[in-house]
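Colleague: Residue numbers (the working numbering), protein chains in the order written: chain Z, 2 to 110; chain A, 49 to 163.
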Amino acid sequence: KQEVTQIPAALSVPEGENLVLNCSFTDSAIYNLQWFRQDPGKGLTSLLLIQSSQREQTSGRLNASLDKSSGRSTLYIAASQPGDSATYLCAATGNQFYFGTGTSLTVIP
Amino acid sequence: GAGVSQSPSNKVTEKGKDVELRCDPISGHTALYWYRQSLGQGLEFLIYFQGNSAPDKSGLPSDRFSAERTGGSVSTLTIQRTQQEDSAVYLCASSLMSGENSPLHFGNGTRLTVT
């Protein structure tokens with residue numbers, strides 16, 4: 002069974018810092034890797050999807066990378082802002098979507 | 049609709065009662081998923097529908113839980129004889145199809161509280 006782990010569980014940074022969130026998965030036979038953010042009391046919002054054949058995807062200040070062979074993905078956030086504060090989850094797609102437990106990010110003004 | 053719609057947004061029920069949670073996926077999406085998220089926990093997979101195929105029910109925690117998807121669109125998750133441990137946010141998601149380039153889109157969830 003696919004197991005997805007996210008480190009760290011929580012992260013607090015001052016505004017303006019660049020940061021990296023980590024996601025690891027045990028089974029490299031995935032269709033894609035998707036990153037989400039979740040605000041308190043809300044559902045999940047899709048940020049980036051990396052297909053299994055791709056190495057990275059970029060959207061604005063966000064860059065996600067995928068290394069299937071090592072079972073790792075990273076989400077890089079440049080020039081963090083207080084509005085980036087949320088929980089970030091990654092999901093590896095096989096027969097279904099397998100989620101990590103998330104990283105809770107706080108950006109301090 | 050523009051996104052995945054779930055109703056009700058909040059539901060408070062007494063222990064032992066049955067509840068029904070509804071999900072309207074994005075139009076044209078063939079894959080539909082139900083997840084449960086307990087306070088401070090990750091997402092727990094419950095059930096998955098893909099087109100007309102038999103659903104993957106492997107995540108349902110007990111026989112008190114069941115789900116249907118009528119006409120390949122709307123889905124209803126039913127919890128019978130609710131217990132306090134059923135209290136959680138129930139999230140529905142849909143994607144165009146299962147597979148490589150089909151991102152998952154979530155609704156805002158139904159917060160279920162069993163008293």
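Glycine included, each C-beta is placed from N, C-alpha and C at the ideal position. Here the structure is a predicted model, which is why all the values come from computation and not from measurement.
So, with DSSP's three-state summary, where would you put Q85 of chain A?
Modeller: Correct three-state label for Q85 of chain A: strand.
Colleague: Within its chain, find whatever has a CB closer than 7 Å to the CB of P9 of chain Z; leave out the 5 residues flanking it on each side and keep chain order.
Modeller: The answer, listed in chain order, is T104.
Colleague: So that I know if they touch, is there some Cβ in chain Z lying closer than 7 Å to that of Y96 of chain A?
Modeller: It does; some Cβ of chain Z falls within 7 Å.
Colleague: Could you tell me whether the region 68 to 75 of chain A touches the region 121 to 132 of chain A, using the rule of 3 or more Cβ pairs below 8 Å?
Modeller: Verdict: yes, contact present.
Colleague: Counting C-beta neighbours from all protein chains within 10 Å, is the total for I109 of chain Z 16 or more, i.e. buried, or is it exposed?
Modeller: It is exposed - the Cβ of I109 of chain Z has fewer than 16 other Cβ atoms within 10 Å.
Colleague: Which residue from Z:G42, Z:N33, Z:P41 and Z:C91 puts its Cα closest to that of V21 of chain Z?
Modeller: That would be Z:C91, whose Cα lies nearest to the Cα of V21 of chain Z.
Colleague: Using C-beta distances below 6 Å, list every residue in its chain close to S25 of chain Z, excluding the 5 sequence neighbours before and after it, in chain order.
Modeller: Cβ neighbours of S25 of chain Z beyond the five flanking positions: T6, G72 and R73.
Colleague: Compare the Cα-Cα distances from Q200 of chain A to each of A:G88, A:T163, A:E92 and A:A79 and report the closest residue.
Modeller: This structure cannot speak to residue 200 of chain A, because chain A is shown only from 49 to 163.
Colleague: Would Q3 of chain Z count as contacting chain A if we go by Cβ distances under 7 Å?
Modeller: Closer than 7 Å: no.
Colleague: Cα separation between S60 of chain Z and N100 of chain A?
Modeller: S60 of chain Z and N100 of chain A: Cα-Cα distance of roughly 35 Å.
Colleague: With the cut-off set at 7 Å, would you say Q52 of chain Z and N149 of chain A are in Cβ contact?
Modeller: Yes, they are a contact pair.
Colleague: For G120 of chain A and chain Z, any beta-carbon pair shorter than 7 Å?
Modeller: Not an interface residue.
Colleague: Within 10 angstroms of its Cβ, does L139 of chain A collect 16 or more other Cβ (buried), or is it exposed?
Modeller: Looking at its Cβ environment, which holds 16 or more other Cβ atoms inside 10 Å, L139 of chain A is buried.
Colleague: Just tell me which of A:A115, A:E133 and A:P103 has its CA closest to the CA of E62 of chain A.
Modeller: Here the closest residue by C-alpha is A:E133.
Colleague: At a CB-CB cut-off below 9 Å, which residues of chain Z make contact with D104 of chain A?
Modeller: Correct list: N96 and Q97.
Colleague: Starting from Y89 of chain Z, trace the beta strand (DSSP E) in both directions and tell me its first and last residue.
Modeller: It spans A87 to T94 - the beta strand (DSSP E) in which Y89 of chain Z sits, taken as one unbroken run.
Colleague: Starting from Q7 of chain Z and walking both ways along the beta strand (DSSP E), at which residues does that stretch end?
Modeller: Unbroken beta strand (DSSP E) run through Q7 of chain Z: V5 to I8.
Colleague: Thinking A65 of chain Z and L76 of chain Z are a contact (beta carbons under 8 Å), I'd like their distance in whole angstroms, please.
Modeller: Indeed, because the Cβ distance is near 5 Å, the residues count as touching under 8 Å.
Colleague: Between the C-alpha atoms of Y81 of chain A and G157 of chain A, what's the straight-line distance to the nearest angstrom?
Modeller: Answer to the nearest angstrom: the Cα atoms are 12 Å apart.
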